[in-house]
DNA sequence: GTAATTTCTTGTCATTTATCAAGTGACTAA
DNA sequence: TTAGTCACTTGATAAATGACAAGAAATTAC
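Chains as they are written, first to last, in full-length UniProt numbering: chain A, 1 to 193; chain B, 1 to 193.
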């Protein structure tokens, strides 16, 4: 039960005294999932917060044609949460699935709630987590609206090169908002240069 | 100083006893801005939280070619905030500008902070605001990645028809991630049917 | 280790959207 | 009132990306 990775993650976002972090993570339980396992299925209500310690996870929706559209790719270490489902207790629209073997820590809503209302530093941390996630999403939206696929691909390659070692291209393509054929052609073009 | 609109907005998101809402909004000050005025400029640090009581506001960035890309359109009543700038005290990347004459209420960081740590209901409210904003952004991202411009236009027309009465088409086009010429053609196509 | 399945690439062609330029109508300022 | 600006439309053409199908390469399952 080595929680050093979670604890480090907390410290990295917000300065928190060691004993406080330990109190926050006291209720976190570890578990592992194999590659291609569903962590949280659609139309269910998320009752847990997940900390992804090792591995890759994606979320995806099924569109009108029942095709999977990847909405997010999560890279450890990070929290994986369906905010709407977890905090508003609504069914998820998205499926959360492991892309590699993964190790997680989880805790439930009541624990999060107790920490949120009782521990000043956890409140700040939580808010910061929202701010950062919102900001990342906003950046991706701007990218999607204002840059062409090739630019988005090159940017992902620059910022998260390791993703390409662990995630199939068809999933990356759908995350970039294009088809796998288009991504293949873009890669071919770039390799020529 | 009639705060009934803010108070109603608080109640609509989260059940809060009247005296608590009044305590929360006690520090809010009203002000008005004319059409096409900058509320929050880029490269500045946001020191206020704004509640938009009446009117329309947009945020936009300038891309590499110095063209304005509209990132969000805010419709009263709602909070208008640059989360990253306000909470992490970083310079904004976006410009926030009124699209019509607007009335606002504002309060500063210290007040938000005091309420956040002292008032349980405000904590819940704040978190809910983040959850909802995150969810909206996520929905837009999915739309942008998986649906064509015409579908996105029709959806906006269905969900927020009033925007079309108050916001120039060129701004709506850029919000939809397309050029104004394309939007014009899409509208022409649809009107034929 | 071989068959089955999945992923990736590539070809052809169609669709969507952008670019650029010109023109119209509406609003604005002196 | 008149010139100037801005929003919108439209035309011609080009660029970006998608759809579908076939085959190659990689991975998985037994």
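Don't be surprised by glycine CBs; every beta carbon is placed ideally from N, CA and C.
Listed along chain B are 120 and 123, each with a C-beta nearer than 8 Å to that of residue 117(A). Proximity of residue 26(A) to chain B, defined by a Cβ-Cβ separation below 8 Å, is not satisfied. Residue state for residue 14(A) is assigned as coil, using DSSP reduced to three classes.
Rounded to whole angstroms, the separation of the alpha carbons of residue 93(B) and residue 180(B) is 23 Å.
From the beta-carbon of residue 146(A), the residues of chain B found nearer than 7 Å are 63 and 69. Put simply, the CB of residue 131(B) is near chain A, with a gap under 8 Å to one of its CB atoms. Taking the C-beta atoms as reference points, residue 49(B) is found no nearer than 8 Å to residue 171(B). In this structure, residue 104(A) keeps its C-beta atom at 8 Å or more from the C-beta atom of residue 24(A).
Ranked by how close their Cα comes to the Cα of residue 167(A), the residues 136(A), 55(A), 47(A) and 39(A) have 55(A) in first place. Taken atom to atom, the span from the alpha-carbon of residue 61(A) to that of residue 19(B) is near 42 Å. Taken atom to atom, the span from the alpha-carbon of residue 5(B) to that of residue 160(A) is near 44 Å. Contact annotation for residue 88(B) against chain A: 128, 131, 132 and 135 [CB-CB distance below 9 Å, chain order]. Under the criterion of beta carbons closer than 8 Å, residue 177(B) and residue 145(A) qualify as touching, at roughly 4 Å. Residue 131(B) sits in a helix when the DSSP states are folded into three classes. Under the 8 Å Cβ criterion, the region 139-154 of chain B does not count as touching the region 107-125 of chain B, having fewer than three qualifying pairs. For chain A, the residues of the UniProt domain "Cyclic nucleotide-binding" (32-112) of chain B that bring a beta carbon within less than 7 Å of one of its beta carbons are 61, 63, 69, 71, 83, 84, 87 and 88, in chain order. Residue 176(B) sits in a helix when the DSSP states are folded into three classes. Secondary structure of residue 79(A) (DSSP, three-state): strand. With respect to the 8 Å criterion, residue 101(B) and residue 3(B) are not classified as neighbours on the basis of their beta carbons. The Cβ of residue 155(A) sits no closer than 8 Å to any Cβ of chain B. Under the 8 Å criterion on CB atoms, residue 138(B) is classed as interfacial with respect to chain A. Residue burial annotation: residue 52(B) is buried, with at least 16 other C-beta atoms found within 10 angstroms of its C-beta. Against chain B, the CB of residue 6(A) has no partner CB under 8 Å away; the residue lies outside that interface. Looking at the DSSP output, residue 58(A) sits in a beta bridge with 73(A) and 97(A). Close CB contacts of residue 32(A) within its chain, under the 6 Å cut and outside five residues either way in sequence, are with 103 (chain order). The alpha helix (DSSP H) runs of length 4 or more contained entirely in the region 110-171 of chain B are, from start to end of the chain, 120-146, 149-159 and 163-166.
A residue is called buried when at least 16 other Cβ atoms come within 10 angstroms of its Cβ; residue 8(A) does not meet this threshold and is exposed.
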